[in-house]
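The block underneath contains the structure these notes are about, expressed in structure tokens.
There are 4 protein chains.
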Amino acid sequence: MTEDHSPALTRTPLTYGMVGGGPGGFIGQVHRQALAMDGLAQLTAGFFARDETRCRETALDLRVPQDRIYSSAQEMADKEAEREDRIDFVAVVTPNHVHYPICKAFLQRGFHVVCDKPLTLEIHEAEDLAELAEKHGLMFGVTHAYNGYPMVKQARAMVAAGELGELRYINGEYAQDWLWQRLELTEHKQAGWRLDPKRTGRASTLGDIGTHLDNLATYITGLTPTRLLARVEALVPGRVLDDTATVMLEYEGGVSGLFWLSQAAVGHDNGLKLRVMGEKASLEWSQEAPDTLIIKEPGGPSRTVSRARGPMYPEATVYSRFPSGHPEGYLECFANTYKAFCSTLIKRKAGLEPNAADLDFPGVEAGIKGVRFIHRCVDSSERGAAWVDFAGD
Amino acid sequence: MTEDHSPALTRTPLTYGMVGGGPGGFIGQVHRQALAMDGLAQLTAGFFARDETRCRETALDLRVPQDRIYSSAQEMADKEAEREDRIDFVAVVTPNHVHYPICKAFLQRGFHVVCDKPLTLEIHEAEDLAELAEKHGLMFGVTHAYNGYPMVKQARAMVAAGELGELRYINGEYAQDWLWQRLELTEHKQAGWRLDPKRTGRASTLGDIGTHLDNLATYITGLTPTRLLARVEALVPGRVLDDTATVMLEYEGGVSGLFWLSQAAVGHDNGLKLRVMGEKASLEWSQEAPDTLIIKEPGGPSRTVSRARGPMYPEATVYSRFPSGHPEGYLECFANTYKAFCSTLIKRKAGLEPNAADLDFPGVEAGIKGVRFIHRCVDSSERGAAWVDFAGD
Amino acid sequence: MTEDHSPALTRTPLTYGMVGGGPGGFIGQVHRQALAMDGLAQLTAGFFARDETRCRETALDLRVPQDRIYSSAQEMADKEAEREDRIDFVAVVTPNHVHYPICKAFLQRGFHVVCDKPLTLEIHEAEDLAELAEKHGLMFGVTHAYNGYPMVKQARAMVAAGELGELRYINGEYAQDWLWQRLELTEHKQAGWRLDPKRTGRASTLGDIGTHLDNLATYITGLTPTRLLARVEALVPGRVLDDTATVMLEYEGGVSGLFWLSQAAVGHDNGLKLRVMGEKASLEWSQEAPDTLIIKEPGGPSRTVSRARGPMYPEATVYSRFPSGHPEGYLECFANTYKAFCSTLIKRKAGLEPNAADLDFPGVEAGIKGVRFIHRCVDSSERGAAWVDFAGD
Amino acid sequence: MTEDHSPALTRTPLTYGMVGGGPGGFIGQVHRQALAMDGLAQLTAGFFARDETRCRETALDLRVPQDRIYSSAQEMADKEAEREDRIDFVAVVTPNHVHYPICKAFLQRGFHVVCDKPLTLEIHEAEDLAELAEKHGLMFGVTHAYNGYPMVKQARAMVAAGELGELRYINGEYAQDWLWQRLELTEHKQAGWRLDPKRTGRASTLGDIGTHLDNLATYITGLTPTRLLARVEALVPGRVLDDTATVMLEYEGGVSGLFWLSQAAVGHDNGLKLRVMGEKASLEWSQEAPDTLIIKEPGGPSRTVSRARGPMYPEATVYSRFPSGHPEGYLECFANTYKAFCSTLIKRKAGLEPNAADLDFPGVEAGIKGVRFIHRCVDSSERGAAWVDFAGD
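First to last, the sequence lines map onto chains A, B, C and D. The numbering of the first sequence is numbering that gives the first Met the number 0, which starts it at 0 and goes up by one. The numbering of the second sequence is numbering that gives the first Met the number 0, which starts it at 0 and goes up by one. The numbering of the third sequence is numbering that gives the first Met the number 0, which starts it at 0 and goes up by one. The numbering of the fourth sequence is numbering that gives the first Met the number 0, which starts it at 0 and goes up by one.
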């Protein structure tokens, strides 16, 4: 860890509130443990569940003070805004359809926000949040947390340094199988809202995992799609939203891309993989073996680079925590996203200038792009897999 | 090996001639060594190269009798047809554009034929060969040899037995990088003709490796595409034919598919991989680790099945040669293709009925389908990646 | 997570102090982050470094109250013992040679202790600590943290349930290469004390990583060695302590074992691997891919079992945090060790009965066994690799 | 393939006879197919089985002339010696205990010999064969065929070129599980003789696979053991010979070594693996993925080198047959061993000088060393795992 980074920052930690994250969910606990890892922010307020008892029990478990347990997001925004010791930021970890009003409420009261992805149901909603944040001078993070893996940062740095030469092709996939059958017909809470158009929007799998793939590809290559063509489908009979999509892309500079994503691909756990091929070398990264990066050159060996085994680019090194061979995982990538967000915020509060590593977290622009990705894929698919331009609303 | 299969057949081996396969090539030697492995056919005649000296030297190395070294395919077909000890079949291992006239010449003289893929440049040419073979009652094999791997046969048998349940998605890729730069501008013999539209047809990579992928997918699943959509492109600037293609497919019964293939994908050797996902299980096979098959079920472990370690389906067992852990490779898959072809032919000559294992080699219909695949992809791509029906000329 | 486990426990968290863990070290930060993950204990006191400024800076970074920053372990034990809000336990993360006096000081003042491994330099010292803990009714944990991985617990449960049948052979290795050259001649802090007989004892690598291997083998199989034979050596010329050892073991019931361990094995990161072979099945686990367990049976496929993908034994499930495919790593295994220790302690304080999962952390007996392992290997090696009984002082 | 190597040699192929290799065996067929691959030798005589009918049927299948089917090895040696067109060499593929008399008979009649391993039951027998071969100026090959893999030759060349620096440790293992239960009590032919002391000698597994490991380690490193210490045991209760051995070795120059070998290690197919660690780099090769070699350096990536993907040492290139990604396997490694033997013999017959690649096959000295390895391990184990010198009878 660099000198000017986290250590001293722990002396003036932030406070945060959480909306969502009650019993039965998964991601709320991830946000909290990720934030606990570096000691940069303490949970101080919360509206965890609509059910008052469940909300209160969660708050007690988390040692949130009694007077800062709220019964709605709006109430929390309003009341925290009045406190002198108001929370520094809010973490929004609810189902998709309420991201927009909740984030808006907090931004309007002057709170920095971190929100889960996909950011909103509609593109204009996401853009609206961006405008609000801009207008109020607030930070807005979106937890495309897979960017937080050190070897993802190493990959990005390699591409930026030209180690791959001119890029030629981006091949990504994200395959899971937990929706291999109609789990949405059971009591399964996650499947329930994720496959309900009212709560998840025009698409399910595209939003849940497709946006991660889109984000990761752009994060590593620095390229934005110019147009795409998609077949969005449900492999499981009877399903009303997508569980699978196949997407051809064109990126800036004429680089071609391909995404395949599915949550009904029997045999896959959480298989997010990306290959970037350049004229001089290719790289390959897989979320399920996140501590390694594979680099190949024409006529040369396949090099498996372990995190921290040898020199890495500084932007990767700063987010590597343990010696090589001591596996880092999902929690660390999430913690790194928050570490950047919190470091920036602590420095801003102290009147200091955040450095490049501090600023290395996905912001509201990444959130907008994710929502656009969903809509463009559905647009294309509805036209029979026609090319559609990526830009625009 | 089953009782009625190869052993006894070696007592009355076949003779064959070869067209092509002179110095500098690669595949001719593969055909010959594959045929030598089981002792079912002996090389007895040949036209190996246009250059007379090179042709003769090759023939001498291969101990082909002096009087059966020919200076053209037509001459070989004509003269062999007149001999009492005429060859049983011919193996055609030339560049693509001369497959058609050569195969035709031999069929017309009553010879069984084995030809490399892609079978012809035009669909109607391939259909013409099929008609000729049919008319003369001749066998016609096409060396989509990857079908010869025992674990491919095991995969096919598993699908046929319903172990995967209803199929849902076929995801295949075939990536190489030997054409990562414009090798066709050098003296490289293979790159020269493969990227010359006159000798290779409308497409290069699609024909060279795409047809293998198409064939393998159909071989394992039993499904034929009904329509497809393709982006056919050259990643290497200035190249006049394709080195890469991305193909969305629809198969019979509404099964979706995706192929990605490239010979300019830096970092890939000979990466032919296929995943078939069903409602109950998925399978995964990779040509570079051909002795294993990976089977996965929802909520279950990933099972890596080694060839011959435990019971396999009989159609796989019959083509497995060594105990588990004793790697079989590329030569064995090729040898298995020829073993089937020769076993069938020996039995036919002896008035015996070939069994299912004998008949398990790709025939002229596979050859036609390969040529159709190439044309359909190019057709679609030329229309901007529009859906095109697979059937038809 | 089970109902009666962690959630409610967070409402009455523990406090702890730390000895060691100042700047330049590695493991102190691991202990602290592991403890932060579950919110079961808060750092409240510390003696982090001999240098007063470094100690104070560290304490400030960690928000330890000014009046609980100490200048010696003894002072901390004495003064904390006098406080009403005295810490619940101490975490000892110093070099090996001072474990004994420090632990002793805290035990004598009635504090529960968690200490790094190897526990002490001499067997009788470790036994002395055990007696003290016993006498005072105190808990004593030793961070053989690799036991904390869920798939290690799954492995242990499988063996206990008889899934492997009678055990036949235990084959373990632990290979690193960070001591591939004489790093101890540089300013490298860790290498300095680890290769200094005064601070590390009779053996270096045997203590640092060999004890983990010994502990893991016994944890998973439930078997203790009855005798062993060892070649203890330095591969790097000039080194005064061991960097490598090869150990043949005999376990209870006549099960054979083999360990190979090295910190000069060029090409290895943190390669702790264990294979346990039984009459019916074998298992294989590797620390660098900790979320999977490989199970094999005669004549059957190799099954790669992913954490949380399907049903696991309850003792593994309770320590699995994220869905399958969301990698857990080194920090989680450490956190699990502390989670068990803290859960037990919180329940004891509340007059509740800890359950089996709570008690699943390595205690002082594991610490004694580790020290004995070191001595037995050196004893054997000094006699030219003769068999020595494992038991005794 | 180099200019002066195989091509021209096929014009004057050798003839050979075979002793053993009848129905029910495995290795005879391997020898024959390996020899068929390069067309350097033709099977012309044979004594395949004691049972006359089975011998004759095999001969007919293999198209051996009727007058060269023999009813004993001695008869074959005698009668072939009298023929003008006598065979050039004999391949001996019988159970171990008759290797000695058979090889002796052929050497005494002036035939070159290739014999399976382990060469003989007793060291002095093997030495006797070496003397006979020397005396009569005859070639003697022993099929330690795993040396034939191109990446093994690449490994050897890398070590010889100093790419690993001073060697430090050799860690080899060879694990199978086909003898995981008492198969020798069934009708299983191989298990029957391999676990019968009369036919297999003092040790079973040590001879069957241990000798391969010993040979491979020496082949790659160029080092011979100076002393060893072994625990030789049967994991399967009731077994009269070994199925497992653990061996510590000391090599010339003080390099340490460790072998673990078992045929009752549930979960292993044919797991021959070798790691060689030097001061500058390490290498790792596994027979089950023979086309790759893994090279690692301190602080660097793990490099997986694919056969023929990039430049290799000439001694490896000459035995590489197909482009990278086209798997070679067990048959090719065997074929390479014979290719070397036959090339040497053809050149000797033609008065030409064999080159280094031709001479790269294991000879009678390798055979003697293998027998010595078996005896030394058993000697050590019988003394309770004491160190024994490797040299001597």
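Cβ coordinates follow ideal geometry from the N, Cα and C atoms, glycine included.
By Cβ distance below 6 Å, which residues in the same chain neighbour residue i in space, the five residues on each side in sequence not counted?
| i | result |
| --- | --- |
| Met276 (chain C) | Arg167, Tyr168 |
| Glu172 (chain D) | Trp259, Lys272 |
| Thr119 (chain B) | His98, Tyr99, Ala125, Val370 |
| Glu121 (chain A) | none |
| Asn170 (chain C) | Leu257, Arg274 |
| Ala349 (chain C) | none |
| Gly309 (chain A) | none |
| Glu249 (chain A) | Thr225, Arg226 |
Apart from the five residues on each side of it in sequence, which residues of its chain come closer than 8 Å, Cβ to Cβ, to residue i?
| i | result |
| --- | --- |
| Ile373 (chain A) | Pro117, Gly200, Arg201, Ala202, Leu205, Gly206, Gly209, Thr210 |
| Thr343 (chain C) | Met138, Pro353, Asp357, Leu358, Phe360 |
Considering only the beta carbon of each residue, do residue i and residue j sit closer than 8 Å?
| i | j | result |
| --- | --- | --- |
| Phe340 (chain D) | Val113 (chain D) | yes |
| Asn269 (chain B) | Tyr218 (chain B) | no |
| Val151 (chain C) | Asp115 (chain C) | no |
| Arg62 (chain B) | Arg10 (chain D) | yes |
| Thr291 (chain A) | Thr303 (chain D) | no |
| Pro353 (chain D) | His143 (chain D) | no |
| Ile68 (chain B) | Tyr15 (chain B) | no |
| Val265 (chain A) | Ala159 (chain B) | no |
| Leu194 (chain B) | Leu240 (chain B) | yes |
| Ala33 (chain B) | Tyr337 (chain B) | yes |
Enumerate in chain order the residues of its own chain whose CB-to-CB distance from residue i is below 7 Å, with the five nearest sequence positions on each side excluded.
| i | result |
| --- | --- |
| Val387 (chain A) | Arg226, Leu227, Arg375, Asp378, Ser379 |
| Arg382 (chain A) | none |
| Ala385 (chain C) | Leu228, Ser379 |
| Gln180 (chain C) | Val235 |
| Ala154 (chain B) | Ile219, Leu282, Trp284, Leu292 |
| Arg320 (chain D) | Glu327, Glu331 |
Any heavy atom of the ligand ZN within a distance shorter than 7 Å of the CB on residue i?
| i | result |
| --- | --- |
| Gly171 (chain A) | The ligand content of the structure shown is nil, which means the ligand ZN is not present either. |
DSSP puts residue i in a beta bridge; with which residues?
| i | result |
| --- | --- |
| Trp284 (chain B) | B:Leu273 |
| Ala129 (chain B) | BP columns for Ala129 (chain B) are empty, so no partner. |
| Pro300 (chain A) | Paired residues: none, contrary to the question. |
| His111 (chain A) | A:Phe88 |
| Met17 (chain B) | B:Gly45, B:Ala90 |
| Lys295 (chain C) | C:Ser281, C:Ser301 |
Contact between the region 52-60 of chain A and the region 17-26 of chain A (3+ Cβ pairs under 8 Å): yes
Touching by the beta-carbon criterion (3+ pairs, under 8 Å), the region 356-370 of chain B and the region 126-146 of chain B: yes
Touching by the beta-carbon criterion (3+ pairs, under 8 Å), the region 65-80 of chain A and the region 176-186 of chain A: no
Within 8 Å of chain C by C-beta, residues of the region 241-263 of chain A in sequence order: none
Chain A contacts made by the region 133-163 of chain C, where a contact means CB separation under 8 Å: none
Near-chain B residues of the region 304-322 of chain C (beta-carbon distance less than 9 Å), N- to C-terminal order: Val304, Ser305, Arg308, Gly309, Pro310
Near-chain B residues of the region 270-299 of chain C - C-beta to any C-beta below 8 Å: Ile294, Gly298, Gly299
Interface residues of the region 186-206 of chain A facing chain D [CB-CB below 9 Å]: none
Short-range partners of chain B found in the region 324-339 of chain D, where Cβ spacing is below 8 Å: Gly324, His325, Pro326, Glu327, Gly328, Tyr329, Leu330, Glu331
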